[in-house]
Amino acid sequence: MTVRQPFACFVTGTDTGVGKTHASATLLHALNAAGYRTAGMKPVASGSDWRDGHWHNDDVAQLRAASSVTVPLGHTCPFLLRTPCSPHLAAAQEGVRITRAPIREAFDALRRQAEAVVVEGVGGFHVPLDVGAVRWSTADLADMLGLPVVMVAGIRLGCLNHAVLTAQAIRARGLNLAGWIANRVDPDMLLADENIATLHAALDAPCLGELPWQLEPAAAAARLDLSPLFAANQYQAEASGLAA
Ligand SMILES: Nc1ncnc2c1ncn2[C@@H]1O[C@H](COP(=O)(O)OP(=O)(O)OP(=O)(O)O)[C@@H](O)[C@H]1O
Ligand SMILES: [Mg+2]
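What follows is the structure in structure tokens.
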């Protein structure tokens, strides 16, 4: 059996609804095609309904459907909240505190079960997870996991400003923006190609590919170039080996 270098990445986006789940599922399919045993993770999901004996969230379901390894639901999503709103507000409604340890434990469990883990963030990069005594946000979550970051740019009006700000925020946390994905979420956007060309010029990071409007993740997987992500994982493994 081939032993592969462990792989993981953190997927953030220029906003909520820009295609993080769509892109994460596409990354999982691309990794499946490269022969990896894969698991998607959504550490915090808000908005779920009771179906077939368990709480169902669309992001979690899509990530699990694109994964090649079947894992316990609690490892895919340790904080599955019911109310469809910002996670810290959903958690408050339900009397839950979103804390670091269960997420860390679920991620470590996934790393033991799969060779490649794709972690989808929550909303945009700075969405609060708790504004109480323990103040933390999605940026802190990405920092805690310390993974190479993939930024999904939803190609729609406003994406240039959102993409540049998000890239700055990722780097300001000392994280590696290993690549970005142009996701065509708006088929009617004017000058979409020119906007993508502007992002190529403005973002000092490799573009992993473009995802067309309405192409399913399994079919779109071949459009992604994973080599910058493999290089980022390799670099990280060497750096942690040197530090050990
Ligand atoms: N390339 C695409 N073509 C057509 N529809 C798309 C594409 N990418 C995303 N969508 C649709 O846009 C919506 C938002 O996408 P998605 O759920 O992946 O965004 P998200 O960033 O993960 O959102 P959230 O912040 O809620 O997690 C979904 O209905 C999805 O099916
Ligand atoms: Mg999502």
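Using the working numbering, read the sequence shown as starting at 19 and increasing by one per residue.
From the three backbone atoms N, C-alpha and C, an ideal C-beta is built for every residue, glycine too.
As the structure is a computational prediction, the values presented were derived from the model and not from experiment.
Query, Result
"Considering just the uninterrupted stretch of the alpha helix (DSSP H) at M59, what are its terminal residues?", "M59 -> not in any alpha helix (DSSP H); beta strand (DSSP E) instead, spanning T56 to M59."
"Anything with a beta carbon under 6 Å from a heavy atom of ligand 2 counts; list them all in chain order.", "K38, T39, D77 and E138"
"Which runs of the beta strand (DSSP E) spanning at least 3 residues fall entirely within the region 38-106, listed in chain order?", "56-59, 62-64, 67-69, 72-74 and 97-99"
"Going residue by residue through the region 128-174, where are the continuous beta strand (DSSP E) segments of at least 3 residues, counting only ones entirely within it?", "134-138, 146-149, 153-155 and 167-172"
"Looking at R202 and ligand 1, is the gap between the Cβ and the nearest heavy atom below 7 Å?", "yes"
"Enumerate in chain order the residues of its own chain whose CB-to-CB distance from P96 is below 7 Å, with the five nearest sequence positions on each side excluded.", "P61, P120, I121 and A124"
"The alpha helix (DSSP H) with L260 in it runs from where to where?", "S245 to A261"
"Rounded to the nearest angstrom, how far is the Cβ of L147 from that of A57, given a contact under 8 Å?", "That belief does not hold up - the Cβ atoms of L147 and A57 are roughly 22 Å apart, past 8 Å."
"I'd like to confirm the pairing. Which residues does DSSP put opposite T30 in its beta bridges?", "M169"
"For the alpha helix (DSSP H) containing E212, name the first residue and the last one.", "A210 to A220"
"Within the continuous alpha helix (DSSP H) that includes L183, where are the two ends?", "C177 to A190"
"Quick one: what does DSSP say E123 is sitting in, helix, strand or coil?", "helix"
"Report yes if the C-beta of W231 is less than 7 Å from at least one heavy atom of ligand 1; otherwise report no.", "yes"
"Let me check one thing: in DSSP terms, what residues is I116 bridge-paired to?", "In DSSP, I116 forms no bridge with anything."
"Would you mind working out which of W73, W68 and Y253 sits nearest N194, comparing C-alpha positions?", "Y253"
"Give the straight-line distance between the Cα atoms of V152 and Q111, rounded to the nearest whole angstrom.", "17 Å"
"Do L98 and S42 count as a contact pair if the criterion is CB distance below 8 Å?", "no"
"Given a cut-off of 8 Å on the beta-carbon distance, is the pair R174 and V145 in contact?", "no"
"Look up N201 in the DSSP assignment and give the residues it is bridged to.", "G172 and L229"
"Pick from A79, T32, G31 and A238: whose alpha carbon is nearest that of M59?", "A79"
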